[in-house]
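Below: one structure, written as structure tokens.
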Amino acid sequence: MSSAGQPSSKLKPAIVLFLGMVRRGEFENLQNKGLTLGILVDTNSKARLGDVSKFAVVERFDFSRPLPDLIKAVQAIQERFEISCLYNVIEFYVLQTAEVAKALGLPGINPDSARFCLDKNVMRTRFKERIGQHACARFHVIKSEEHLLQCAAELGYPCFLQPNNVSASMWATRNPDPATLTANYRQMVSEVPKYYAKLGKYDQKLDATVAEYMEGANISIDCLMDKNGRVYTTPAVEVLTGKDVGIDDYHHFARILPTRLSNADKKELDELARAGCTALGMTNSAAHVEFIGKRLGEIAARPGGNRPRILEMAYGMDMLYAFYQVLRGETPELKATRDLSAAIVTPFAPRNGKLVSMRHLDRIPNLPGYLYHEIRAQPGAEVGLSKGGFRAGIYIELLSSNADEVRRSVDEIASWTDLYELE
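Under the numbering used here, the first residue of the sequence shown carries the number 1176, and numbering increases by one thereafter.
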């Protein structure tokens, strides 16, 4: 099959098959390259499905069913189409995609490496063993509430508590004392299993980690690994969390390019990103590497949320197609074609509650560098913080040749503390 995505000499047309879910900004560049796309949609997903009206295949499947059933569902599609590769950009489908690819002889990350990326405890252990004790925070796997308090006392306060198998910093908390830690742990134990059930992950067990609290900037670097494990990196992205804008939460409020890192710091983090991916044995995969200061936070075996979009906005860099190239055994083209400043801003509600209305919507198009926005929560919807299991109710894109202009607009959005009118 050619890189333009034309059918091979076989009679069956070739497609790139997404598993689980795909959202706006996660597939359009592949279409623009002439690739034919398909998707097997998870009937349990609550995410907003992108415009798949031009996909050659749109079928639905309950991803809570056993793996052999999923393999059969993909095989049924394979009978009608040549599957060029399986494509996944969502945390919850990392392991299933890896297992299906292995079963059907398609390129993809090894299931063992996928498991390393999904278990923060195993992940951090490998970082320490293969990179060094300095690579990440000290941590403990939590076995009980009593064990939690013992571990926190050993690590010292404040400490950081989070479940191991969720994304977007859901239920992640900074805990300054035992009382706060206990309350947040009990909330997590109560709510996370319900979240798994809503997604059809009925067999998913809650695992949690308590770690030393790390100070420093939140930076991410997305990577691609070829079949030989060679790591290709993209420019570092600066992240502002809820904490950075005065909210007691770790949701990603804004992603900003370029970062304010020195060239020396960029090089150091770039090398650590490569070392982290290698430590997890990642091949035929994308990776989203997060740092706190100059230590590894975690690595996900997928492109970071909104990272392909912001890299395209600022630098014209097509990570989505480069990921496809890696899966097809080609050298990824991760080249910049422009040099602009960009931000993706996703303000969360400052507390949990029912949405009455959104304020300041008329001001958004007048922001310097404004490019696009969409409202993702309607009146009557339950909204709230990431630590309560919620997502952002609004999405805003900013793009400019002036980096200061973009940052001023981000600061202005952060000043709208009454953006959400709640009951």
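The beta-carbon is built from N, C-alpha and C at its ideal position, and this holds for glycine as well.
query = For glutamine 1379, does the three-state DSSP call read helix, strand or coil?
reply = Residue 1379 sits at position 204 when you count from the first residue of the sequence shown. Looking at glutamine 1379 - three-state DSSP - the assignment turns out to be coil, as it is neither helix nor strand.
query = cysteine 1334 and tyrosine 1388: beta carbons closer than 8 Å?
reply = Against the sequence shown, residue 1334 aligns to sequence position 159. Against the sequence shown, residue 1388 aligns to sequence position 213. The answer is yes: Cβ separation under 8 Å.
ask   = In this structure, does DSSP put alanine 1517 in helix, strand or coil?
value = As a working mapping, residue 1517 is identified with position 342 in the sequence shown. Three-state result, alanine 1517: strand.
ask   = Of all the alpha helix (DSSP H) runs that stay within the bounds of the region 1259 to 1326, which reach a length of 4 or more residues?
value = 1269 to 1279, 1286 to 1293, 1295 to 1305
Among Asp1237, Asn1207, Asp1586, the one whose alpha carbon lies nearest that of valine 1420 = As a position in the sequence shown, residue 1420 is number 245, starting the count at 1. Per the Cα distances, Asp1586.
query = Looking at the structure shown, is phenylalanine 1523 part of a helix, part of a strand, or coil, going by DSSP?
reply = Looking up residue 1523 in the sequence shown gives position 348. Reduced to three states, the DSSP call for phenylalanine 1523 is coil.
ask   = Can you tell me the Cα-Cα spacing of proline 1507 and glutamine 1553, whole angstroms?
value = Looking up residue 1507 in the sequence shown gives position 332. Looking up residue 1553 in the sequence shown gives position 378. So the two alpha carbons sit approximately 40 Å from each other.
query = If you pair each beta-carbon of the region 1590 to 1597 with each one of the region 1356 to 1372, do three or more pairs fall below 8 Å?
reply = no
query = What do you reckon, are the CB atoms on isoleucine 1252 and valine 1233 nearer than 8 Å?
reply = Walking along the sequence shown from the start, residue 1252 turns up at place 77. Walking along the sequence shown from the start, residue 1233 turns up at place 58. Not a contact, by the Cβ cut-off of 8 Å.
key: Endpoints, alpha helix (DSSP H) assigned at alanine 1589   = Counting from 1 along the sequence shown, the entry for residue 1589 is found at position 414. Start and end: 1578 to 1589.
inquiry  = Excluding the 5 residues flanking serine 1259 on each side, which residues of the same chain have their C-beta closer than 7 Å to its C-beta?
reply    = In the sequence shown, the residue the question calls residue 1259 occupies position 84. Within the same chain, serine 1259 has close Cβ partners Met1176, Ala1189, Ile1190, Val1191, Arg1503.
query = Roughly how many whole angstroms lie between the Cα atoms of leucine 1245 and valine 1269?
reply = Start at 1 with the first residue of the sequence shown, and residue 1245 comes out as number 70. Start at 1 with the first residue of the sequence shown, and residue 1269 comes out as number 94. For leucine 1245 and valine 1269, the distance between alpha carbons rounds to 14 Å.
inquiry  = As an exercise, report each continuous beta strand (DSSP E) stretch of at least 3 residues that is fully enclosed by the region 1425 to 1472, in chain order.
reply    = 1427 to 1432, 1460 to 1467
query = Within the 8 Å Cβ cut-off, does asparagine 1527 reach chain C?
reply = Going by chain labels, chain C is absent from the structure shown, which holds only one protein chain.
inquiry  = If you follow the alpha helix (DSSP H) that leucine 1496 is in, where does it begin and where does it stop?
reply    = In the sequence shown, residue 1496 corresponds to position 321, counting from 1. It is worth fixing the name first, because residue 1496 is tyrosine in this sequence and not leucine. Taken as a continuous stretch (DSSP letters only), the alpha helix (DSSP H) holding tyrosine 1496 covers 1494 to 1502.
task = Just tell me which of Ser1344, Ala1328, Met1363 has its CA closest to the CA of proline 1351.
result = Position 176 of the sequence shown, counted from the start, is the residue given in the question as residue 1351. Measuring from the Cα of proline 1351, the nearest candidate turns out to be Ala1328.
request  = Leaving aside the five residues before and after tyrosine 1547 along the sequence, list all residues of the same chain whose C-beta is less than 7 Å from its C-beta, in chain order.
outcome  = Numbered from 1 along the sequence shown, position 372 holds the residue referred to as residue 1547. Same-chain partners within the cutoff: Glu1572.
ask   = If you draw a straight line from the alpha carbon of leucine 1597 to that of serine 1532, how long is it in whole angstroms?
value = Locating residue 1597 in the sequence shown gives position 422, counting from the first residue. Locating residue 1532 in the sequence shown gives position 357, counting from the first residue. Looking at the two C-alpha atoms, the distance is approximately 7 Å.
request  = Determine the DSSP secondary structure at alanine 1386, reduced to helix, strand or coil.
outcome  = On the sequence shown, position 211 is the one that residue 1386 refers to. It is a strand residue.
inquiry  = Can you look up serine 1561 in the DSSP assignment and give me helix, strand or coil?
reply    = To locate residue 1561, count along the sequence shown from 1; it is residue 386. For serine 1561, the secondary structure class from DSSP, reduced to helix, strand or coil, is helix.
query = With contact counted as at least three CB pairs below 8 Å, one residue from each stretch, are the region 1422 to 1441 and the region 1280 to 1292 in contact?
reply = no
ask   = Looking only at its own chain, which residues have a Cβ that is under 8 Å from the Cβ of glutamate 1224, when we skip the five neighbours before and after it?
value = In the sequence shown, residue 1224 corresponds to position 49, counting from 1. Reading off the sequence shown, one finds leucine at residue 1224, where the question assumed glutamate. Excluding sequence neighbours, leucine 1224 sits near Met1196, Val1197, Arg1198, Val1216.
key: Unbroken alpha helix (DSSP H) run spanning asparagine 1541, endpoints   = Along the sequence shown, one-based indexing puts residue 1541 at 366. Per DSSP, asparagine 1541 belongs to no alpha helix (DSSP H) and is neither H nor E.
request  = Report the residue from Leu1471, Leu1515, Phe1498, Arg1470 whose alpha carbon sits nearest the alpha carbon of glycine 1491.
outcome  = As a first step, residue 1491 is located in the sequence shown; it is residue number 316 there, counting from the start. Cα-wise, what sits closest to glycine 1491 is Leu1515.
CB-CB length for alanine 1475 against glutamate 1266, believed under 8 Å = Within the sequence shown, the letter at position 300 stands for residue 1475. Within the sequence shown, the letter at position 91 stands for residue 1266. Correct: roughly 6 Å between the Cβ atoms.
Whether valine 1558 touches glycine 1568 by CB criterion (8 Å) = As a working mapping, residue 1558 is identified with position 383 in the sequence shown. As a working mapping, residue 1568 is identified with position 393 in the sequence shown. For valine 1558 and glycine 1568, yes; Cβs fall inside 8 Å.
request  = Just grab the DSSP bridge partners of serine 1575 for me.
outcome  = Stepping through the sequence shown from its first residue, residue 1575 is reached at position 400. When beta bridges are read from the DSSP output, serine 1575 appears opposite Ser1516.
query = Based on Cα-Cα distance, which residue from Arg1534, Asn1340, Phe1238 lies nearest to serine 1220?
reply = Locating residue 1220 in the sequence shown gives position 45, where the first residue counts as 1. Per the Cα distances, Phe1238.
key: lysine 1373, enclosing alpha helix (DSSP H) - first and last residue   = The residue labelled residue 1373 in the question sits at position 198 within the sequence shown. Counting along the chain, the alpha helix (DSSP H) containing lysine 1373 begins and ends at 1353 to 1373.
ask   = What whole-angstrom Cβ distance do aspartate 1397 and proline 1478 have, given they're in contact under 8 Å?
value = As a working mapping, residue 1397 is identified with position 222 in the sequence shown. As a working mapping, residue 1478 is identified with position 303 in the sequence shown. Contact flag correct, Cβ pair sits at about 6 Å.
Per-residue burial, glycine 1331 [other beta carbons within 10 Å of its own, 16 or more giving buried] = Counted from its first residue, the sequence shown places residue 1331 at position 156. Classification for glycine 1331: exposed.
ask   = In chain order, what residues of the same chain lie with their CB nearer than 7 Å to the CB of isoleucine 1473, ignoring the 5 residues before and after it?
value = As a position in the sequence shown, residue 1473 is number 298, starting the count at 1. The sequence shown places glutamate at residue 1473, rather than the isoleucine named in the question. Lys1295, Met1298, Glu1465.
message = To the nearest angstrom, how far is the alpha carbon of alanine 1179 from that of leucine 1455?
response = Residue 1179 sits at position 4 when you count from the first residue of the sequence shown. Residue 1455 sits at position 280 when you count from the first residue of the sequence shown. Below a pLDDT of 50, predicted positions are generally treated as unreliable, and alanine 1179, at 42, falls in that range; the measurement from the model is reported next regardless. Alanine 1179 and leucine 1455: Cα-Cα distance of roughly 32 Å.
message = Please tell me whether alanine 1395 and valine 1414 are closer than 8 Å, where the distance is taken between their beta carbons.
response = The count along the sequence shown starts at 1 and reaches residue 1395 at position 220. The count along the sequence shown starts at 1 and reaches residue 1414 at position 239. Here residue 1395 turns out to be serine, not alanine, going by the sequence shown. Yes.
key: Inter-residue spacing [alpha-carbon to alpha-carbon] between serine 1183 and leucine 1194   = Here residue 1183 is taken as the residue at index 8 of the sequence shown, counted from 1. Here residue 1194 is taken as the residue at index 19 of the sequence shown, counted from 1. Its pLDDT being 45, under 50, serine 1183 is placed unreliably by the model, and nothing is read from it.
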